[in-house]
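If you read the protein sequences in the order shown, they are chains A and W. Add 23 to the 1-based position in the first sequence for our numbering, that's all there is to it. Add 23 to the 1-based position in the second sequence for our numbering, that's all there is to it.
2 protein chains.
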Amino acid sequence: MGSEAIDNCLKAIFQLAGDNDRATTAGLAEQLAISPASVTGMLKKLSDADPPWIEYQKHHGARLTDRGRARALEIIRHHRLIELFLHRVLDYSWDEVHVEAEKLEHAISETFEDRIAHVLGDPEFDPHGHPIPRRDGTLPDRADSDLIDMEPGTDAEVSRVSDHDPTMLQHLSSIGVRPGVRIHLLERRPFDGPLMLRVGDDQAVHAFGTRLAGSIRIRDIRSAAA
Amino acid sequence: MGSEAIDNCLKAIFQLAGDNDRATTAGLAEQLAISPASVTGMLKKLSDADPPWIEYQKHHGARLTDRGRARALEIIRHHRLIELFLHRVLDYSWDEVHVEAEKLEHAISETFEDRIAHVLGDPEFDPHGHPIPRRDGTLPDRADSDLIDMEPGTDAEVSRVSDHDPTMLQHLSSIGVRPGVRIHLLERRPFDGPLMLRVGDDQAVHAFGTRLAGSIRIRDIRSAAA
DNA sequence: ACCTAAATTTAGGCTTGCCTAAAAATGGGT
DNA sequence: ACCCATTTTTAGGCAAGCCTAAATTTAGGT
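(1) Quick check: is any heavy atom of the ligand HEM less than 7 Å from the C-beta of His129/A?
(2) Grab the span of the beta strand (DSSP E) containing Leu208/W for me, first residue to last.
(3) In this structure, does DSSP put Phe231/A in helix, strand or coil?
(4) Contact between the segment 81-97 of chain W and the segment 29-46 of chain W: three or more CB pairs below 8 Å?
(5) Beta carbon of Leu220/W, beta carbon of Leu209/W: below 8 Å?
(6) Could you list the residues in the segment 114-134 of chain A with a C-beta less than 9 Å from some C-beta on chain W, going in chain order?
(7) Which first and last residues belong to the beta strand (DSSP E) in which Met219/A is found?
(8) Considering only C-alpha positions, which residue in the set Val184/A, Ile29/A and Ala56/A is nearest to Arg234/A?
(9) For Ile99/A and chain W, any beta-carbon pair shorter than 8 Å?
(10) Could you check if Ser168/W is buried or exposed, using at least 16 other CB atoms within 10 Å of its CB as the buried criterion?
(11) Taking CB distances under 8 Å as the criterion, tell me whether Ile29/W reaches chain A.
(12) Could you run through the segment 144-173 of chain W and flag, in chain order, every residue whose CB is less than 7 Å away from some CB of chain A?
(13) State the DSSP-derived secondary structure class of Leu107/A, mapped to helix, strand or coil.
(14) I'd like the span of the alpha helix (DSSP H) that includes Glu133/W, first residue to last.
(15) Can you pull the chain W residues whose beta carbon is under 9 Å from the beta carbon of Val142/A, in chain order?
(16) Decide if the segment 211-230 of chain W is in contact with the segment 128-138 of chain W; the criterion is three or more beta carbon pairs, one per stretch, under 8 Å apart.
(17) Specify, as a first and last residue, the run of the alpha helix (DSSP H) that Ser70/A falls within.
(18) Go through its chain and collect everything with a Cβ distance to Leu39/A's Cβ below 8 Å, but skip five positions before and after it.
(19) For the segment 151-217 of chain A, which segments carrying the beta strand (DSSP E) assignment without a break, of at least 3 residues, lie completely within its bounds, in sequence order?
(20) Sort Arg86/A, Gly216/A, Asp172/A and Ser196/A by Cα distance to Arg242/A and report the nearest one.
(21) Would Arg138/W count as contacting chain A if we go by Cβ distances under 8 Å?
(22) For the alpha helix (DSSP H) containing Pro85/W, list its first residue and its last residue.
(23) Between Leu170/W, Gly237/W and Asp149/W, which lies nearest to Leu162/W when the distance is taken from Cα to Cα?
(24) By how many angstroms is the C-alpha of Val62/W removed from the C-alpha of Gly216/W?
(25) Excluding five sequence neighbours on each side, which residues of the same chain lie with their C-beta closer than 6 Å to the C-beta of Arg86/W?
(26) Could you pull out every residue in the same chain whose Cβ sits closer than 7 Å to the Cβ of Ala249/W, ignoring the five residues on either side in sequence?
(27) Going by beta carbon distance, what residues of the same chain come within less than 8 Å of Thr190/W, once the five residues before and after it are set aside?
(28) Quick check: Val204/A and Glu174/A, are their CB atoms within less than 8 Å of each other?
(29) On a Cα-Cα basis, can you pick out the residue from Asp164/A, Ser132/A and His129/A that is closest to Pro146/A?
(30) Candidates Asp42/A, Val112/A, Gln226/A and His83/A: which alpha carbon is nearest Gly144/A's?
(31) Between His129/A and Met65/W, what straight-line distance do the alpha-carbon atoms span, to the nearest angstrom?
(32) My output table needs one value for Ala93/A: the three-state DSSP class, helix, strand or coil.
(33) Out of Glu27/A, Ala124/A and Leu195/A, state which residue places its alpha-carbon closest to the alpha-carbon of Gly237/A.
(34) Over what stretch of residues does the alpha helix (DSSP H) that includes Asp44/W continue unbroken?
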């Protein structure tokens, strides 16, 4: 009950559609890198399961059932706990953790999950700033917003960065962008031009193109900076 | 290159035949819990691989090639490092580690292997006393012998115990038998009767049936006991 | 109402990894 | 030389997960 293919599909639905929206066939096909026809077949299987993983209406995509949601969050919890564990205990670098976690998330038991969560002190966020689902299925919340929407002339703190592209992570790492680091936006150049900003205490000004900026979320600084 | 089925088969060949002997079809069928006909098919595949994993002569079983041996030792190294890691870092009990390691051994990367080996201080033996193959393919050696062959009236130290039966491990654990613990053999009852022995500083005498005794290896005590 | 893009169905195929049952080959022991 | 147990072959099957290409349906916008 619950093959790797099923797990990956449930995870993809959650990531594409979140809690309430429906994930489309085309979206899933792209995310999972399989053909749309294969996705349709998989969705049928997931909704025919007893009990069903998803609620599926033809031509209207799929929404997770409570069971599907629970499973998706479990896999995501595995993934993010493993990422943090690799980073903190096994000294993996920021950009190495994702690939390894992708394999391990399907192989570990609930016991393993509990044990690493305990060793890490029941953490709420992974190395990239993503919230780690709790065992009860709730998600730690941290109000954040897109870097793209940041007001020029203001300060903010990096909240999270996308973990899908290791080369992007390497680049961010090399210029000091990590969750918790303070940034100052100088200006946004017109016509979707780059964002000019300073990172941490570094005086250098970095230009962030839209793709890079789009993979970063920020939150308001808690106290006035020194 | 190297599915889980292949890995398990190579590991089984190594465990049944060691370095030089050949593993038989029937033996592998039992070890892997698959039919003899399926084993024959698998052996053909392994020897047809390029480069081949095994040297296979019909009706004469299989012997690992250098490549097959290297792969088998790699999997066993994974397994035993993971067992020790679970025990020492994640606080798994003695009898829990085997099942979890069986799944994880196929999922971890060389990087993961290196990192846990480093965290553990490049250990040579797992929690059951089995040698952990080194990266270069050599095996730590520890001269030991079967408990069955121990001289009555003498002392020895537990060297290793079989890890295949969790209930047996629980039992051994409950009476204090672990690698490194000193035992004293009082007598061997006739006609394959039980071995009567004392464990550690415990004054109680335990009766070990042949199956239990057969799963334990011992080594001579290094210095005269106090 | 109609068009189109998305989704689905149909029909066929592939690989991996296992199964069965029955028949044939083989080799080691006496 | 012969028998028997082991091994192998043959022939067929199954399930999971994917693929393709072409045909069809559907929903949604105009």
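Glycine included, every Cβ here is placed at the ideal spot set by N, Cα and C. Bear in mind the structure is a predicted one, so any value in this text is a computation, not a measurement.
Result, derived from the coordinates:
(1) Of ligands this structure carries none, so the ligand HEM is not represented either.
(2) Arg205 to Arg211
(3) strand
(4) yes
(5) Yes.
(6) Asp114, Tyr115, Glu119, Val122, Glu123, Lys126, Leu127, His129, Ala130, Ile131, Ser132 and Thr134
(7) Secondary structure note for Met219/A: its beta strand (DSSP E) is the uninterrupted segment Leu218 to Val222.
(8) For Arg234/A, the nearest C-alpha among the options comes from Val184/A.
(9) no
(10) exposed
(11) no
(12) So nothing in the stretch comes that close.
(13) helix
(14) According to the DSSP assignment, Glu133/W belongs to the alpha helix (DSSP H) that extends over Glu133 to Val142.
(15) Near Val142/A (Cβ distances below 9 Å), the residues of chain W are Val112, Leu113 and Asp114.
(16) Too few Cβ pairs lie closer than 8 Å, so no.
(17) Unbroken alpha helix (DSSP H) run through Ser70/A: Pro59 to Asp71.
(18) The residues are Ala46, Thr47, Gly50, Leu51 and Gln54.
(19) Given a length threshold of 3 residues, each whole run of the beta strand (DSSP E) inside the segment 151-217 of chain A is given here in chain order: 178-184 and 205-211.
(20) Asp172/A
(21) yes
(22) Here the sequence assigns Ala to residue 85/W, which means Pro is not the residue at that position. Segment Ala85 to Leu87 is the beta strand (DSSP E) holding Ala85/W; no alpha helix (DSSP H) there.
(23) That would be Asp149/W, whose Cα lies nearest to the Cα of Leu162/W.
(24) Going from the Cα of Gly216/W to the Cα of Val62/W covers about 37 Å.
(25) Arg45 and Glu78
(26) Because Ala249/W sits at a pLDDT of 44, beneath the cut-off of 50, its placement in the model cannot be relied upon, and the following sentence gives the value as read from the coordinates. Counting only Cβ-Cβ distances below 7 Å, and skipping sequence neighbours, we find nothing.
(27) Asp118
(28) no
(29) Asp164/A
(30) Val112/A
(31) Distance between His129/A and Met65/W, taken at the CA atoms: about 26 Å.
(32) helix
(33) The alpha carbon of Gly237/A has as its nearest neighbour, out of Glu27/A, Ala124/A and Leu195/A, the alpha carbon of Leu195/A.
(34) For Asp44/W, no alpha helix (DSSP H) encloses it, and the DSSP letter there is neither H nor E.
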